[in-house]
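**Student:**
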Amino acid sequence: MITAEDINAWKDMYEMTFGDYQIEARKTAIYPEEHKIVYPALGLAGEAGEVANKVKKMLRDGKFDREDVAAEIGDCLWYISALCRDLNFDMGYIARCNLDKLHSRMERGTIKGSGDKR
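Just so we're aligned: 61 in our numbering is position 61 of the sequence shown, and the numbers increase by one with no gaps anywhere.
#1: Looking at the secondary structure, which residues open and close the alpha helix (DSSP H) in which residue 32 lies?
#2: With DSSP run on the structure shown, which of helix, strand or coil describes residue 85?
#3: So for residue 111, helix, strand or coil by DSSP?
#4: So, for residue 47: in the same chain, excluding its five sequence neighbours on each side, which residues have a beta-carbon less than 7 Å away from its beta-carbon?
#5: Within the continuous alpha helix (DSSP H) that includes residue 124, where are the two ends?
#6: What number of angstroms, rounded off, separates the C-alpha of residue 58 from the C-alpha of residue 117?
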């Protein structure tokens, strides 16, 4: 389990904000303007599938390479960044809204269950 101490140690080594990441990742986006939103959404689905596939192979083979999974998570992050950009959202804003939603659910006792509007 990742602790606050882990995060603080990593922060010193790898500090980067979502905004910094978005700016740098944008430099590598080469898909056509007419495919914005669709291209990164489909890419994200594909990369999320690759994360799941790496974990599935762990079940099959009994070996788990967390660095391989981390690389695929990084690819997911790139597509999330591109999708946020195409929708004119800052990744930090999306992260904050997600945490606000989860904290609200926790406070209302609806963290478990299903449905977007709980």
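Even glycine gets a Cβ: it sits at the ideal position worked out from N, Cα and C.
**Tutor:** In this structure, then:
#1: Element bounds for residue 32: n/a, residue is neither H nor E.
#2: helix
#3: coil
#4: 72, 75, 76, 79
#5: Outside the shown range of the chain, which is 1 to 118, sits residue 124, and nothing can be said about it.
#6: 34 Å
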